[in-house]
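Participant: Once you've had a glance at the structure underneath, I'll fire off some questions.
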Amino acid sequence: MELKIKMPQKPKAKVMLWTDISHHDMAKLNNIQSIPELQDVLNEMLEIDLPDPKRGILLDLYIQTIFYCRKKHFTPAQTSTLLSILKSIHTFNVETVMNNIAYCHIYCKELLLCHSVRVCKLSKLIILSLRISHYKAIFNHDSDHPSALTFITQRK
Numbered sequence: 004m005e006l007k008i009k010m011p012q013k014p015k016a017k018v019m020l021w022t023d024i025s026h027h028d029m030a031k032l033n034n035i036q037s038i039p040e041l042q043d044v045l046n047e048m049l050e051i052d053l054p055d056p057k058r059g060i061l062l063d064l065y066i067q068t069i070f071y072c073r074k075k076h077f078t079p080a081q082t083s084t085l086l087s088i089l090k091s092i093h094t095f096n097v098e099t100v101m102n103n104i105a106y107c108h109i110y111c112k113e114l115l116l117c118h119s120v121r122v123c124k125l126s127k128l129i130i131l132s133l134r135i136s137h138y139k140a141i142f143n144h145d146s147d148h149p150s151a152l153t154f155i156t157q158r159k
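For any residue, its number in my numbering is found by taking its place in the sequence shown, counting from 1, and adding 3.
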């Protein structure tokens, strides 16, 4: 029997919104207050198929995450995303060889950076305004605008 060891690859962060727990599932989780009931529901939702001590520890991690999110008034989308991030990091960590700390750290950092940017409404309006003025300058051939100059010279 040949034993194949999976070597760690450079992980790629992706958006984890509603990946493992749907909006409907989050509504169900938010109504549950007892820990045993939370354990049962999370075990079913996250499909945790581990022997008892490991399963219990992992479920405790997810339950404490839910309690933390409730305490900090996270939205259902934020809670679902954080649970998916934790599940993804744990899965990546245990499915590769033992010496993968650097890869796990990179993956964790990239996932957190991918999900930690929040833009306020005023910033969105400013960015939109800048984009509009940028494209107006390009299409009106405003020679004073630097982007218009590069666009005009590239067209010739």
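Backbone N, C-alpha and C fix where the C-beta goes; we use that ideal spot for every residue, glycine too.
Please read these numbers as outputs of a predicted model, since none were measured by experiment.
How is the alpha helix (DSSP H) around N46 delimited, first residue to last?
Facilitator: As a first step, residue 46 is located in the sequence shown; it is residue number 43 there, counting from the start. Start and end: I38 to M48.
Participant: To the nearest angstrom, report how far apart L45 and D23 are at their CA atoms.
Facilitator: Walking along the sequence shown from the start, residue 45 turns up at place 42. Walking along the sequence shown from the start, residue 23 turns up at place 20. So the alpha carbons of these two residues sit roughly 10 Å apart.
Participant: Given that a residue counts as buried once 16 or more other Cβ atoms are within 10 Å of its Cβ, and exposed if not, what is Y110?
Facilitator: Translated into positions along the sequence shown, residue 110 becomes position 107. By the 10 Å Cβ count, Y110 comes out buried.
Participant: Would you kindly check if the distance between the Cβ of A16 and the Cβ of L114 is under 8 Å?
Facilitator: Stepping through the sequence shown from its first residue, residue 114 is reached at position 111. Stepping through the sequence shown from its first residue, residue 16 is reached at position 13. Result yes, Cβ atoms of L114 and A16 sit closer than 8 Å.
Participant: I need the DSSP call for F95, collapsed to helix, strand or coil.
Facilitator: Stepping through the sequence shown from its first residue, residue 95 is reached at position 92. F95 falls in the helix class under three-state DSSP.
Participant: In whole angstroms, give me the CA-to-CA distance for E47 and L133.
Facilitator: Within the sequence shown, the letter at position 44 stands for residue 47. Within the sequence shown, the letter at position 130 stands for residue 133. For E47 and L133, the distance between alpha carbons rounds to 47 Å.
Participant: What distance in whole Å lies between the Cβ atoms of L85 and T68, which are believed to be in contact at a cut-off of 8 Å?
Facilitator: By 1-based counting over the sequence shown, the position of residue 68 is 65. By 1-based counting over the sequence shown, the position of residue 85 is 82. Their Cβ separation, rounded to whole angstroms, is 6 Å, which keeps T68 and L85 in contact under 8 Å.
Participant: Buried or exposed: which applies to L20, given that a residue is buried once 16 or more other Cβ atoms fall within 10 Å of its Cβ?
Facilitator: The count along the sequence shown starts at 1 and reaches residue 20 at position 17. L20 comes out exposed.
Participant: Return the first residue and the last residue of the alpha helix (DSSP H) that A105 is part of.
Facilitator: Within the sequence shown, the letter at position 102 stands for residue 105. Residues I104 to H118.
Participant: Check whether the Cβ atoms of I66 and L41 sit closer than 8 Å, and answer yes or no.
Facilitator: Mapped onto the sequence shown, residue 66 falls at position 63. Mapped onto the sequence shown, residue 41 falls at position 38. Yes, they are a contact pair.
Participant: For A30, which option in L62, I104, P56 and F77 has the closest C-alpha, if you only look at C-alpha atoms?
Facilitator: Mapped onto the sequence shown, residue 30 falls at position 27. Closest option to A30, Cα to Cα, is F77.
Participant: Under 6 Å Cβ to Cβ from D28, same chain only, skipping five residues before and after it: list those, please.
Facilitator: Translated into the one-based positions of the sequence shown, residue 28 becomes position 25. Closer than 6 Å at the Cβ level, and outside the excluded window around D28, lie M48.
Participant: Roughly how many whole angstroms lie between the Cα atoms of G59 and H93?
Facilitator: Residue 59 sits at position 56 when you count from the first residue of the sequence shown. Residue 93 sits at position 90 when you count from the first residue of the sequence shown. Their backbone Cα atoms lie some 14 Å apart in a straight line.
Participant: Give the secondary structure of P54 by DSSP, where H, G and I count as helix, E and B as strand, and everything else as coil.
Facilitator: Here residue 54 refers to the residue found at position 51 of the sequence shown. It is coil, neither helix nor strand.
Participant: What's the C-alpha gap between D63 and R73?
Facilitator: Residue numbering aside, residue 63 sits at position 60 when the sequence shown is read from its first letter. Residue numbering aside, residue 73 sits at position 70 when the sequence shown is read from its first letter. Cα-Cα distance, rounded: 15 Å.
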